[in-house]
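Structure record follows, encoded as structure tokens.
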Amino acid sequence: MTFTQIHSQETIILGFHALSDSIRMEVLNLLRTRELCVCEIKEILNIPQSKLSFHLKTLRETGLVNTRQQGKWTYYSINLSQLVALEQYLSEFRRSIVLLPTRICEP
Numbered sequence: 004m005t006f007t008q009i010h011s012q013e014t015i016i017l018g019f020h021a022l023s024d025s026i027r028m029e030v031l032n033l034l035r036t037r038e039l040c041v042c043e044i045k046e047i048l049n050i051p052q053s054k055l056s057f058h059l060k061t062l063r064e065t066g067l068v069n070t071r072q073q074g075k076w077t078y079y080s081i082n083l084s085q086l087v088a089l090e091q092y093l094s095e096f097r098r099s100i101v102l103l104p105t106r107i108c109e110p
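The sequence shown lines up with residues 4 to 110 when you count with this note's numbering.
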């Protein structure tokens with residue numbers, strides 16, 4: 004059974020889509036060392052709450068971040084298992100590449 008059979012292709016696509024945005028990458032970079040609350044992320048990135056909420060929602064829906072509620076605050080942390088899943092997909096993809104000699108097209 005291949006990796007993509009275990010993890011749906013849609014999950015993989017959504018994960019890479021989430022990683023394709025610079026703000027979401029900045030959020031993940033901030034979360035590399037510790038969990039942060041929304042107010043801390045907003046202050047560090049200096050972006051409007053509504054814009055940050057959109058990007059955090061995307062990261063949550065794709066499983067790239069975990070959330071934890073404490074009182075009125077929501078804390079975010081990286082979901083390593085989802086990052087590992089994307090990494091495994093790329094690794095399997097790389098191992099399956101077969102480079103054939105260039106074919107010369109005839110007019």
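Ideal placement from N, C-alpha and C gives every residue a C-beta, glycine not left out.
In this text, all values refer to a predicted model and were calculated from it rather than measured experimentally.
From residue i to residue j, what distance separates their C-alpha atoms?
i, j, result
"Leu21", "Cys108", "Leu is not the amino acid found at residue 21; the sequence shown has Ala there. Near 38 Å, if we compare the C-alpha coordinates of Cys108 and Ala21."
"Leu34", "Tyr78", "10 Å"
"Glu13", "Arg106", "33 Å"
"Lys60", "Arg98", "33 Å"
"Pro51", "His58", "11 Å"
"Phe96", "Gly74", "43 Å"
So what does residue i bridge to, in DSSP terms?
i, result
"Val68", "Ile81"
"Cys108", "Answer is none; Cys108 lacks a bridge partner."
"Leu1", "Since the first residue shown for the chain is 4 and the last is 110, residue 1 is missing from the structure and cannot be characterised."
"Leu39", "Tyr79"
On the CB-based measure, 16 or more other CB atoms within 10 Å of its CB, does residue i come out buried or exposed?
i, result
"Ile44", "buried"
"Leu62", "buried"
"Met4", "With a pLDDT of 41 at Met4, under the threshold of 50, the predicted position of this residue should be treated as unreliable, and no value is reported."
"Ser56", "exposed"
"Arg71", "exposed"
Below 8 Å on the Cβ atoms is my guess for residue i versus residue j; work out the distance and round it to an integer in Å.
i, j, result
"Gln85", "Leu102", "The Cβ separation is near 30 Å, so there is no contact."
Kindly list the residues whose CB is nearer than 8 Å to the CB of residue i, restricted to its own chain and excluding five residues on each side of it in sequence; keep chain order.
i, result
"Pro65", "Going by the sequence as given, residue 65 is Thr instead of Pro. Result list for Thr65: Thr14, Leu17, Gly18, His20, Ala21, Gln85, in chain order."
If you drop the 5 nearest sequence neighbours on each side, which residues of the same chain put their C-beta closer than 6 Å to that of residue i?
i, result
"Thr7", "Here the model assigns Thr7 a pLDDT of 49, short of 50, so the residue's position is not dependable and the matter cannot be decided."
Can you find the residues in the same chain that come closer than 7 Å, C-beta to C-beta, to residue i, ignoring five residues on each side of it along the sequence?
i, result
"Ile47", "Leu33"
Return no unless some Cβ of chain B is closer than 8 Å to the Cβ of residue i.
i, result
"Lys54", "Here chain B cannot be found, since the structure has a single protein chain."
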